[in-house]
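K.L.:
First, the structure itself, so that you have it in front of you.
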Amino acid sequence: MRIKCPYCGERALEEFTYRGDATVKRPRSLESDAAEAWTDYVYFRHNPAGLHREHWYHGAGCHAWLTVTRDTRTHEIVAVEFADKREGT
Amino acid sequence: MNPYERRIASMRYSLASLLANAVTGNCNWQPVWREPEPKPAYDVVIVGGGGHGLATAHYLAKEHGITNVAVLEKSYLGSGNVGRNTTIVRSNYLLPGNLPFYEWSMKLWEGLEQDLNYNAMVSQRGVLNVFHSDPQRDAYARRGNAMRLHGVDAELLDRDGVRKLVPFVDFDNARFPVRGGLFQARGGTVRHDAVAWGYARAADRRGVDIIQNCEVTGIRIENGRVLGVETAKGFVGANKVALSVAGSSSRVGALAGLRLPIESHSVQAFVTESIKPLIDVVMTFGAGHFYVSQSDKGGLVFGGDIEGYNSYAQRGNMPVIEDVAEGGMALMPVIGRLRIVRSWGGLLDMTMDGSPIIDKTPVEGLYFNGGWCYGGFKATPAAGWCFAHLLARDEPHPYAAAYRLDRFAHGAVIDEKGMGAQPNLH
């Protein structure tokens, strides 16, 4: 598996670090009634067999955070973008 | 059962049966389980004909007298993780939520072949965790003490103790000198396919229907209660549906609307060409992720880290292969002369704390066994035992009482490695 970094070009997997699902939403609130939202954000995942939007960090390259769309059944990478700050925050 | 099925069910393995079949040219062996079509409904339908599902069926029938049970397997028995692991059994855990459970599993392994009347090649050759530094010695001493406090055998070995077991390792490696090891003599290996076959045969003989090539494509739920499952062979009704599909738990759980604290990951295993007897224990490297044992055919069976990203592909990538090979070379340079003949991948339910789940679900009548990370094989007997208990009595077995689905919301996680909610670090 190789990831085509939009800045550095196609690079080997060893250069990247995986963070996980890019679609989970970090709750804005710290109030106690937000506990359920926090539990969901920290622990629960959709974990699809198919296309998965996920965060990778190009630590041995440009240090960019990337959002990769990848098929978890075949490892085929469909799209790579710079991570959108609005997604997952 | 018809007469043919009764004949299958009456066959017992013994010295007499081996001799009788040997002198008749081994032409009279019968199939070891029936191949029935699904009935319209069962008391319990177990989804997943792997080790855990088959063990659950066996203990449901044997310990709880519940025999109106079907095990539905999407492919053939042994095609999934029960035939893809590296066959190691051990109970060298640290935390109170885990230790009694895995020790019970170890005890069930010790009596498995007599219980099933089936040769599963249980080999208590010992599991040796090598350590390479003083802090690591402290960590293993602590683990060994925790084990002994729970009545589990553990022995802290010095360099000479390790040398007696594995004289060929690189004791004076410049970066990772061997300082000693933690040894569990009762640990070892079990022939993994035979575990599936043995449990299948034992469950079948008590009347459990094992139905292969029968994928579950839907779970029928009405008013929050499970009614049965849609399958490749039509609808099968059930009072209780038991999911036992680790690796694909999220995918099957989604059929019932479950969202789980699980990511699916892939882990690889490797086997070398056959050589003469070299290593007669299971050994793990302490400074990287590499572990090895030798199969009865002579191949070295070894593995390492999970791939580290979500995957349903049952295969891995080159970086982990390289990492495993480097670990092997650092610990036992002798391995560098061997060729790898085969590598393969299996799917793991990686949970957010690295520990499994055996529990009811929010859907009435739907039960869940999964989240086994890379440790599901050694847990097979106890997972079946405890899941059967839950199914039969609607309350968790004391040994699995910590494996609740709601522990993540309550903060009662069981994190052996202390890594937090990052599945690829467990």
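Protein chains in written order, with the working numbering: chain A, -19 to 69; chain B, 4 to 429. We put the beta carbon where it would ideally sit given N, CA and C, even for glycine.
#1: Is A/T54 close to chain B? Criterion is C-beta to C-beta, closer than 8 Å.
#2: Residues in the same chain with beta-carbon distance under 6 Å from B/Y202, minus the five sequence neighbours each way, listed in chain order, please.
#3: Starting from A/A23, find everything on chain B with Cβ-Cβ shorter than 7 Å and list it in chain order.
#4: Name the two residues that bound the continuous beta strand (DSSP E) containing B/Q187.
#5: Taking only three categories from DSSP, how would you classify B/G231?
#6: Considering only C-alpha positions, which residue in the set B/G306, B/Y370 and B/Q33 is nearest to B/P6?
#7: Identify which residue in B/A44, B/M422 and B/L160 has its Cα closest to the Cα of B/V211.
#8: Compare the C-beta of B/N2 with all C-beta atoms of chain A and state if any pair is closer than 8 Å.
#9: In this structure, does DSSP put B/C217 in helix, strand or coil?
#10: What residue range is occupied by the uninterrupted alpha helix (DSSP H) comprising B/N148?
#11: For B/P322, would you say it is in contact with chain D, using Cβ-to-Cβ distances shorter than 8 Å as the test?
#12: Evaluate the contact criterion for the region 294 to 308 of chain B versus the region 141 to 151 of chain B: three or more CB pairs, one atom per stretch, below 8 Å.
#13: Can you confirm whether B/G221, when its beta carbon is compared against all beta carbons of chain A, has any partner nearer than 8 Å?
#14: What residues from chain B crowd round A/Y(-2), counting only those whose CB sits closer than 8 Å?
#15: Leaving out the 5 sequence neighbours to the left and right, which residues in its chain are closer than 6 Å to B/M488 when beta-carbon positions are compared?
#16: Can you tell me which residues form a DSSP beta bridge with A/I57?
#17: Suppose contacts are defined by Cβ-Cβ distances below 8 Å. Is B/Y315 in contact with A/E34 by that definition?
#18: Quick check: the region 317 to 335 of chain B against the region 228 to 240 of chain B, are there 3 or more CB pairs under 8 Å?
#19: Give the DSSP-derived three-state secondary structure of B/K236 in the structure shown.
#20: In this structure, does DSSP put B/L394 in helix, strand or coil?
#21: Verify the CB distance criterion: does B/R87 have a CB-CB separation below 8 Å to chain A?
#22: Identify the contact partners of B/A316 in chain A, using a Cβ-Cβ distance below 8 Å as the criterion.
#23: So is B/S253 in contact with chain A if we call contact Cβ pairs under 8 Å?
#24: Under a Cβ-count criterion, where at least 16 other Cβ atoms within 10 Å of its own Cβ denotes burial, should A/P28 be classed as buried or exposed?
#25: Residues of chain A with CB under 8 Å from B/S267, in chain order?
#26: Assign B/L21 to buried or exposed, taking buried as 16 or more other Cβ atoms, counted over all protein chains shown, within 10 Å of its Cβ.
#27: Report the rounded CA-to-CA distance for A/G0 versus B/Y377, giving the unit in angstroms.
#28: Mind pulling the chain B residues with CB within less than 8 Å of A/H32?
#29: Between the alpha carbons of B/K109 and B/S94, how many angstroms are there, rounded?
#30: Mind pulling the chain B residues with CB within less than 7 Å of A/T19?
#31: Is it true that the region 114 to 123 of chain B meets the region 171 to 179 of chain B, where meeting means three or more beta-carbon pairs spaced less than 8 Å apart?
#32: Which residues mark the beginning and the end of the beta strand (DSSP E) in which B/Q271 is found?
#33: Measuring only the C-alpha atoms, how far is B/N31 from B/N24?
#34: Just checking, does the region 266 to 276 of chain B make contact with the region 30 to 49 of chain A on the three C-beta pairs under 8 Å criterion?
#35: Using only alpha-carbon positions, find the residue among B/N71, B/I213, B/F238 and B/R209 that is nearest to B/I222.
#36: For B/F390, tell me which candidate among B/F104, B/T89 and B/L159 has the shortest Cα-Cα distance.
P.N.:
Taking the geometry as given:
#1: Translated into the one-based positions of the first sequence, residue 54 of chain A becomes position 74. Chain B contact via Cβ: present.
#2: The count along the second sequence starts at 1 and reaches residue 202 of chain B at position 199. Closer than 6 Å at the Cβ level, and outside the excluded window around B/Y202, lie L57, A58 and H61.
#3: Residue numbering aside, residue 23 of chain A sits at position 43 when the first sequence is read from its first letter. Looking at the sequence shown, residue 23 of chain A is not Ala but Tyr. Residues of chain B passing the Cβ test: P264, M355, F411 and A424.
#4: Looking up residue 187 of chain B in the second sequence gives position 184. First-last of the beta strand (DSSP E) with B/Q187: G183 to Q187.
#5: Position 228 of the second sequence holds residue 231 of chain B. Strand.
#6: Within the second sequence, the letter at position 3 stands for residue 6 of chain B. Per the Cα distances, B/Q33.
#7: The residue labelled residue 211 of chain B in the question sits at position 208 within the second sequence. When only C-alpha atoms are compared, the closest one is B/A44.
#8: Because residue 2 of chain B is not part of the residues shown, which for chain B are 4 to 429, the question remains open.
#9: For the purposes of this step, residue 217 of chain B is taken as residue 214 along the second sequence, with counting starting at 1. Looking at B/C217 - three-state DSSP - the assignment turns out to be coil, as it is neither helix nor strand.
#10: Position 145 of the second sequence holds residue 148 of chain B. Element bounds for B/N148: D137 to L152.
#11: This model lacks chain D altogether; the protein chains it does include are A and B.
#12: no
#13: Taking the second sequence and counting its residues from 1, one reaches residue 221 of chain B at position 218. No, B/G221 lies away from the interface with chain A (no Cβ there is under 8 Å from its Cβ).
#14: Walking along the first sequence from the start, residue -2 of chain A turns up at place 18. The answer, in chain order, is G311, Y312 and N427.
#15: The structure shown has nothing for residue 488 of chain B, since chain B only spans 4 to 429.
#16: The residue given as residue 57 of chain A occupies position 77 in the first sequence. Residue pairing of A/I57 in beta bridges, as defined by DSSP: A/R50.
#17: Mapped onto the second sequence, residue 315 of chain B falls at position 312. Mapped onto the first sequence, residue 34 of chain A falls at position 54. For B/Y315 and A/E34, no; Cβs fall outside 8 Å.
#18: no
#19: Indexing the second sequence from 1 puts residue 236 of chain B at position 233. In the displayed model, B/K236 falls within coil according to three-state DSSP, outside both helix and strand.
#20: Reading the second sequence from its first residue, position 391 is the one you call residue 394 of chain B. In this structure, B/L394 counts as helix in the three-state DSSP scheme.
#21: Here residue 87 of chain B refers to the residue found at position 84 when the second sequence is read from its first residue. No, B/R87 lies away from the interface with chain A (no Cβ there is under 8 Å from its Cβ).
#22: Along the second sequence, read from residue 1 onward, the residue named residue 316 of chain B stands at position 313. In chain order: T52, R53, T54 and H55.
#23: Here residue 253 of chain B refers to the residue found at position 250 of the second sequence. True, the Cβ-Cβ gap to chain A drops below 8 Å.
#24: Within the first sequence, residue 28 of chain A is the residue found at index 48, counting from 1. Per the 10 Å Cβ criterion, buried.
#25: If you number the second sequence from 1, residue 267 of chain B lands on position 264. The contacting residues are N27, A29 and T52.
#26: Indexing the second sequence from 1 puts residue 21 of chain B at position 18. Burial call: exposed.
#27: One-based indexing of the first sequence puts residue 0 of chain A at position 20. One-based indexing of the second sequence puts residue 377 of chain B at position 374. Approximately 18 Å between the Cα atoms of the pair.
#28: Looking up residue 32 of chain A in the first sequence gives position 52. Here the neighbours are N313.
#29: Position 106 of the second sequence, counted from the first residue, corresponds to residue 109 of chain B. Position 91 of the second sequence, counted from the first residue, corresponds to residue 94 of chain B. For the sequence presented, residue 109 of chain B should be read as Met rather than Lys. Looking at the two C-alpha atoms, the distance is approximately 6 Å.
#30: Counting from 1 along the first sequence, the entry for residue 19 of chain A is found at position 39. Correct list: F411 and A412.
#31: no
#32: For this step, residue 271 of chain B is matched to residue 268 along the second sequence. It spans I265 to S277 - the beta strand (DSSP E) in which B/Q271 sits, taken as one unbroken run.
#33: Sequence index remark: in the second sequence, residue 31 of chain B carries index 28 (1-based). Sequence index remark: in the second sequence, residue 24 of chain B carries index 21 (1-based). Taking the straight line joining both Cα atoms gives about 7 Å.
#34: Too few Cβ pairs lie closer than 8 Å, so no.
#35: As a first step, residue 222 of chain B is located in the second sequence; it is residue number 219 there, counting from the start. Residue B/F238 is the option with its Cα nearest to B/I222.
#36: Numbered from its first residue, the second sequence carries residue 390 of chain B at position 387. Sorting B/F104, B/T89 and B/L159 by C-alpha distance to the C-alpha of B/F390 places B/F104 at the top.
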